[in-house]
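Below you'll find the structure, written out as structure tokens, and then a few comments.
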Amino acid sequence: MSTPATTTPNTAAATCECPECAAAITLSRIPMRGEVLRCADCAVELEVTSTTPLTLALAPEVQEDWGE
Ligand SMILES: [Zn+2]
Numbered sequence: 152m153s154t155p156a157t158t159t160p161n162t163a164a165a166t167c168e169c170p171e172c173a174a175a176i177t178l179s180r181i182p183m184r185g186e187v188l189r190c191a192d193c194a195v196e197l198e199v200t201s202t203t204p205l206t207l208a209l210a211p212e213v214q215e216d217w218g219e
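According to the working numbering, the sequence shown is numbered sequentially starting from 152.
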């Protein structure tokens, strides 16, 4: 008879701006600090440097694997 409290007015848990192309990035959940996301607009990899407030920074380029 009671309405579940899980109803959210907005599907986005968080939004932030891509530091590379300034596109709005909408996240369906709060990411963990250190998590790497990808901008859907410019495909750059972004690392979550802080969650409160949500801050993204360009992720360091992954070096090619030199053999094993
Ligand atoms: Zn971008």
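Ideal placement from N, C-alpha and C gives every residue a C-beta, glycine not left out. Fair warning: this is a prediction, and the values are worked out from it, not measured in the lab.
Of the candidates Ala164, Gln214 and Arg184, Ala164 places its Cα closest to the Cα of Ile176. By the neighbour-count criterion, in which a residue is buried when 16 or more other Cβ atoms sit within 10 angstroms of its Cβ, Pro182 is buried.
When beta bridges are read from the DSSP output, Glu198 appears opposite Val187 and Ala208. Take Cys172, set aside five residues on each side of it, and the residues of its chain with a beta-carbon closer than 7 Å to its own are Cys190, Asp192 and Cys193, in chain order. In the structure shown, Glu171 adopts coil according to DSSP, grouped into three states.
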